Each structure stands twice: as structure tokens, then as C-alpha cells.
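**Student:**
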Amino acid sequence: MEKVLLLGDEAIALGALSAGISGCYAYPGTPSTEIMEYIQQSPLAEKGRVHREWSTNEKTAMEEALGMSYAGKRTLVCMKHVGLNVAADPFVNSAITGVNGGLVVLVADDPQMHSSQNEQDTRYYARFAHIPLLEPSSQQEAYDMMGYAFDLSEKVKLPVLVRVTTRLAHSRADLLPTEPRPQNSLSIPENSRQFILLPANARENFKKLLVTEKEITEASNQSIYNSYEEAAGTSKKGIIASGIAGNYVREVLGGRSSEYDVLYIREYPLPARLVKKIFNRNTSVLLVEEGGPFIEEMLTGPLMDSLSVHGRLDGTLPRTGELTPELVAKALDIEMPFMNPEIKTLRPRPPQLCKGCPHIDSYNFLNEVVHNHEGSRVFSDIGCYTLGALPPYSAIHTCVDMGASITMAKGASDAGIAHAIAVIGDSTFTHSGMTGLLDAVYENTNVTVIILDNETTGMTGQQISMATGRLEQIAAGLGVDPAHIRIVIPLPKQHADNVKVLEEELAYDGVSVIIARRACVHLKRKM
């Protein structure tokens, strides 16, 4: 096989295909989106007839992947870190059911919040669910680990979580692929009660899970992905580095690598024997990990002052944000004057709606109406339209999580806000807005929902929207009065008509839905 130059996300995708997956399920979310896109365009996936369609949200993706695993096939499910919150119910329960065919859950974290609403660290979820976790430090490792992860999943009969971060997902490197393996044959689980989580079955399955935890901890102690490099002489300060943070440590140490004991961790649960070794050989240990102080908290606990451990908790490294080699060098008191010179000509550029975006015209008619109704509040959602928070629009008052616009508007209306307006995109509406609308319909809450229908999932690159061409039917099916399902065209020449429609629906005491429909300006370009 020849070397190929790939993004980290693409390396993961090719690694999963080489490992013999039969299906990939995902919802687009930066920085994980390119995994599914690579598989959708892959001749290898086409030849193997690998299932590779987007799902409505991360929860449905996780459940569909579990169904394919039930049938004995290897399955990959992908999402960004906040998406795992949406999929948390089936994810945690999948540790109790176990798997039949190998199941790998790929989650891409976003430290520094380049395109996310928080910095959460997915490793906490793996520990919470008692399942193994892998954390590659390079594109080659990301590729190799996929085969290892599927093998491990089928060996311990559990899903395996693979965690990457933005820096790895969105940077390129050469890697050497291997010959692809054949897909699994169909097979039904030998234990017919395994996937039936009645309390009696679940209790037995949970006991087995805790027994398995000893097996996966021992696997971590012996893993090829957890390595210990001893100093040539006496080492007083040891370093524990996880995942891609290990690359920053290697870059900073350079010729000094023989002066420190370094434990590189890329498989969890923590390899306890290797951790004990580094503490026995050194008077202090620096924790270098991307994300939260996950390892640091486990090692220090409430008695953190009794061990000489340094890292994000004591301020040796910043508590928040993405690590850099410069920060690691500073923590080790190593001068690196040649690194990352300041680029004074590059000015910060805040994100903005694209020229010609239909949402601009929607915010223009929305702002005019809201200006005439003092006390009105606009509850927004996650997507391109979140940029309506910035000048010159300054059109929204909230943005919390996927689907929260309608439910928050309902709560505010329940509290007495006279004009509670929800703004949500077409894809986000099917992701998790529909259930909120159902709540509002059930109580006939006085809310006005504006669905900005650009006929795609715009922010992540024009993936398919499940709602395309049928939003009004969905709204009617959820119980909205058809007389108050209005369709407008967000164009400047329609401005006066659109203002009139919104005024009419704000005057209505009940649930109304206004669909502002015009295609994303980038949609035709991609097609």
C-alpha cells in the first residue's frame, strides 16, 4: 500500500473502512463532520455497500449503530462532544447491553471552543459508562487504532469510545494504510436476554460489566498505545501526557527527551502500574492533557496537596483552552525562543453571515416587528442563524443548545413574556425541536416559531436536512393549526409582506409556525 495524505478525520474514516465496517451513522458537527463525508465518497465503501447516511440526531445515530451491532456487523458512530450529550441515554445503556458486532463511538472534542458552546471532555463519559477509551496522538495512530478498537470491542463485548480533538481532526499528515479486512457475517447474539434491559436482566448485565472493567484495565496496562520512556539518568520531574498533548511534549523536549521520565497514555482506563512507576521514580509529575484535568483529578482527588502533581489544577498549565507547545515549554521552564512568532498583520475576524444568506432578510423583518413590541424576546438555536446575535443584527437574546429555542420560548411564555419568539433552522428543528413544538401544541402555548428553512444543514457544509420539502406537513402532524402555518420568502422585495405575516401571528393567542424558506447560497455551488 502507498502512503496517503489525509486529515485526521479522514484517517479515522479510512481506518474504520479498513477494519471492515458495514455501517456509519452520524449527525454533522464540527470537528467530526469530515468522517462521514469521507465514507460517503469512498469507492471502498461503495464497493462494500457500507451504509453511510446522516441520521436525524446523535441519539438516533447511536441507536441505529447499536442495531447494526446487534446483527453482528461492525459499526462506526460519529459525533462532536456536545452531541454525546444528546446520545447519552443509548450510549450509557449500550455499556449494559454490550455489543455483538464491534461498535466504535467516535467523539471529536473542541478545546478552545473554535465552533462549540462548551469545552467538555469526553473522557469523563467513558469512565462514567465503564467502557474503554482510546486517544490517538497522530493521524497514523488514528488510522491504526480503528482496527484495534473494533478488535477490542468484540473481545470485551463492549462499545469502545475513540476521542480526538480539533487539532488532530483538522490537520493533515502522511499515513500508511493496510489491506482492508472483510466485513462480518450476519449473526444474532447467543444470549437472547442481552439486549432486553428489563431490571432483572440489567442487574445481571451490570454485574458482568463491572467484572469486565478489570479485564479492560489490564488490557490498558499492557497496551501498545501506553508507553513509558525512562530518563537516561536520574529523573526528578516526570511527565504524563495523553493523546495529542504527547506530541507537544515530544516537540518541546527535543534533545532533552533523555532528561525526563515520560508516560504517554492513549488507552483508558488508566494503566495503574505505569502510573505508580512514574511516581516511584520522580519527586513531582507534570500532567499534560488536552481538555479537562481528567487524569490529574483521578491522581490527586481531595488530597491533592499530598502529592507533588502539577498541571491545570494548580495553574502550571491554563485551566481552560487548547494547549500549545509554548505552554508546555513554559510549564517545564524550557526556553523555546524560535517557536510561533507573533503575526501582527493577522487581525481577529469575527464570524458573520455569508453575503446573500437568506437569514439576513429574515432577521431584518424580525427586527422591525420586535422593535414595535417592547418586551418581546427572541430565543434562538444552534446553527448559522446564531450569528444573528452579532451586529448589525443583534436579533436574538438566547442560544443554549440544539432544540432549546422552542422549549425556552415556551417556558418564557409560561412565565408571562407577551411575545416569545423561537428561531430555529430546518435541520435543527428535526434534530430536537419537534418535541418542544409538541409540548407547546399540547398546552396551546402562546409562542411564535420561525423556522429558517435554507433546505440544508448549512453551518457544517450543506449536509442533507431531513425536513427538506415537508416542514409544513411535520408542523401540521404535530398539531399546529394549518391556518397558522405560514410560509414566507426571505427576500428584500418581500419585506413588507413578511412583516405583515409576523405581526398577524404575534397577534394570535396560540402556537404559530412561520417557515422562512429560501435555499442556502452555497447549496447549488456544492451540488
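Just add 972 to wherever you are in the sequence shown, counting from 1, and you've got the numbering used here.
Ideal Cβ placement from N, Cα and C applies to all residues, glycine included.
Note that this is a predicted model, so its numbers are computed, not measured.
1. How about residue 1584 and residue 1093: are their beta carbons less than 7 Å apart?
2. Closer than 8 Å by C-beta to residue 1027: which residues in its own chain qualify, once you throw out the five before and the five after it? Chain order, please.
3. Enumerate in chain order the residues of its own chain whose CB-to-CB distance from residue 977 is below 6 Å, with the five nearest sequence positions on each side excluded.
4. Where does residue 1351 land, buried or exposed, given buried means 16+ other C-beta within 10 angstroms?
5. Which partner residues of residue 1466 appear in the DSSP bridge assignment?
6. With a threshold of 16 other CB atoms inside 10 Å of the CB of residue 1122, please say whether the residue is buried or exposed.
7. Output needed for residue 1256: all residues of its chain with C-beta closer than 8 Å, excluding positions within five of it in sequence on either side, in chain order.
8. Taking buried to mean at least 16 other C-beta atoms within 10 Å of its own C-beta, is residue 1343 buried or exposed?
9. Rounded to a whole number of angstroms, what is the C-alpha to C-alpha distance between residue 1231 and residue 1206?
10. Less than 7 Å between the C-beta atoms of residue 1030 and residue 1010, yes or no?
11. Would you report the Cα separation of residue 1377 and residue 1355, rounded to the nearest angstrom?
12. Using 8 Å as the threshold, is the stretch 1434-1441 in touch with the stretch 1454-1469, meaning 3 or more CB pairs across them?
13. Could you give the C-beta distance for residue 1106 and residue 1238, rounded to a whole number, given that I count them as a contact under 8 Å?
14. Run through the DSSP bridge pairs and tell me what residue 996 is partnered with.
15. If you draw a straight line from the C-alpha of residue 1340 to the C-alpha of residue 1174, how long is it?
16. Across the stretch 1236-1251 and the stretch 1187-1196, are there enough close Cβ pairs to call them in contact, namely three or more that are closer than 8 Å?
17. Since I believe residue 1142 is in contact with residue 979 (beta carbons under 8 Å), could you give me their beta-carbon distance rounded to a whole number of angstroms?
18. Note the first and the last residue of the continuous alpha helix (DSSP H) segment covering residue 1179.
19. Return the chain-ordered list of same chain residues with a C-beta closer than 6 Å to the C-beta of residue 1334, the five sequence neighbours on each side being excluded.
20. For residue 1204, does the three-state DSSP call read helix, strand or coil?
21. Would you tell me roughly how many angstroms separate the C-alpha atoms of residue 1362 and residue 1492, rounded to the nearest one?
22. Please identify the residue among 1020, 1289, 1053 whose C-alpha is closest to the C-alpha of residue 1157.
23. Please say whether residue 1101 and residue 1080 have beta carbons closer to each other than 7 Å?
24. DSSP on residue 1263, reduced to helix/strand/coil?
25. What is the DSSP secondary structure of residue 990, reduced to helix, strand or coil?
26. Spatial neighbours of residue 1072 within its chain, please: CB distance less than 6 Å, with the 5 preceding and 5 following residues excluded, ordered by chain position.
27. Rounded to whole angstroms, what's the CA-CA distance from residue 1420 to residue 1055? Just pull it up for me.
28. Go ahead and pull the three-state DSSP assignment for residue 1123.
29. Expressed to the nearest angstrom, what Euclidean distance is found between the alpha-carbon atoms of residue 994 and residue 1474?
30. Candidates 1258, 1366, 1406, 1385: which alpha carbon is nearest residue 1442's?
**Tutor:** Taking the definition as stated:
1. Nothing in the structure corresponds to residue 1584, since the chain is present only between 973 and 1499.
2. The residue given as residue 1027 occupies position 55 in the sequence shown. By the criterion of a C-beta distance shorter than 8 Å, residue 1027 is surrounded in its chain by 997, 998, 999, 1033, 1036, once the five residues flanking it on both sides are discounted.
3. Numbered from 1 along the sequence shown, position 5 holds the residue referred to as residue 977. Here the set comprises 1144, 1146.
4. Residue 1351 sits at position 379 when you count from the first residue of the sequence shown. It counts as buried.
5. Residue mapping note: residue 1466 aligns to position 494 of the sequence shown, counting from 1. Note: residue 1466 sits in no beta bridge, so no partner.
6. Residue numbering aside, residue 1122 sits at position 150 when the sequence shown is read from its first letter. The residue in question, residue 1122, is buried, as its Cβ has 16 or more Cβ neighbours within 10 Å.
7. Taking the sequence shown and counting its residues from 1, one reaches residue 1256 at position 284. Same-chain partners within the cutoff: 1208, 1209, 1210, 1280, 1281, 1282.
8. The residue labelled residue 1343 in the question sits at position 371 within the sequence shown. Exposed, because fewer than 16 other Cβ atoms sit within 10 Å of the Cβ of residue 1343.
9. By 1-based counting over the sequence shown, the position of residue 1231 is 259. By 1-based counting over the sequence shown, the position of residue 1206 is 234. Computed Cα separation, rounded: 8 Å.
10. Reading the sequence shown from its first residue, position 58 is the one you call residue 1030. Reading the sequence shown from its first residue, position 38 is the one you call residue 1010. No; because the gap between Cβ atoms is not below 7 Å, this pair is not in contact.
11. In the sequence shown, the residue the question calls residue 1377 occupies position 405. In the sequence shown, the residue the question calls residue 1355 occupies position 383. Using only the alpha carbons, I get a separation of about 11 Å.
12. no
13. Translated into positions along the sequence shown, residue 1106 becomes position 134. Translated into positions along the sequence shown, residue 1238 becomes position 266. Right, their Cβ atoms sit about 6 Å apart.
14. Start at 1 with the first residue of the sequence shown, and residue 996 comes out as number 24. For residue 996, which the question treats as bridged, DSSP gives the partners 1048.
15. Position 368 of the sequence shown, counted from the first residue, corresponds to residue 1340. Position 202 of the sequence shown, counted from the first residue, corresponds to residue 1174. Computed Cα separation, rounded: 56 Å.
16. Short answer: they touch.
17. As a first step, residue 979 is located in the sequence shown; it is residue number 7 there, counting from the start. As a first step, residue 1142 is located in the sequence shown; it is residue number 170 there, counting from the start. Residue 979 to residue 1142, Cβ: 6 Å. Contact.
18. The residue labelled residue 1179 in the question sits at position 207 within the sequence shown. Its alpha helix (DSSP H) spans residues 1171-1193.
19. To locate residue 1334, count along the sequence shown from 1; it is residue 362. The answer, listed in chain order, is 1424, 1462, 1488.
20. Residue 1204 sits at position 232 when you count from the first residue of the sequence shown. Coil, per DSSP.
21. By one-based count along the sequence shown, residue 1362 stands at place 390. By one-based count along the sequence shown, residue 1492 stands at place 520. C-alpha separation (whole angstroms): 20 Å.
22. Within the sequence shown, numbered from 1, the residue matching residue 1157 stands at position 185. Relative to the Cα of residue 1157, the nearest Cα in the group 1020, 1289, 1053 belongs to 1020.
23. Your numbering for residue 1080 matches position 108 in the sequence shown. Your numbering for residue 1101 matches position 129 in the sequence shown. No, the Cβ-Cβ distance between residue 1080 and residue 1101 is not below 7 Å.
24. In the sequence shown, counting from the first residue as 1, residue 1263 sits at position 291. Coil, per DSSP.
25. Against the sequence shown, residue 990 aligns to sequence position 18. It is helical.
26. Taking the sequence shown and counting its residues from 1, one reaches residue 1072 at position 100. Cβ neighbours of residue 1072 beyond the five flanking positions: 1041, 1042, 1044, 1161.
27. Within the sequence shown, numbered from 1, the residue matching residue 1420 stands at position 448. Within the sequence shown, numbered from 1, the residue matching residue 1055 stands at position 83. Cα to Cα, the separation comes out at about 27 Å.
28. Along the sequence shown, one-based indexing puts residue 1123 at 151. Helix, per DSSP.
29. Here residue 994 corresponds to residue number 22 of the sequence shown, with the count starting at 1. Here residue 1474 corresponds to residue number 502 of the sequence shown, with the count starting at 1. Going from the Cα of residue 994 to the Cα of residue 1474 covers about 48 Å.
30. In the sequence shown, residue 1442 corresponds to position 470, counting from 1. Out of 1258, 1366, 1406, 1385, 1406 has the C-alpha closest to the C-alpha of residue 1442.
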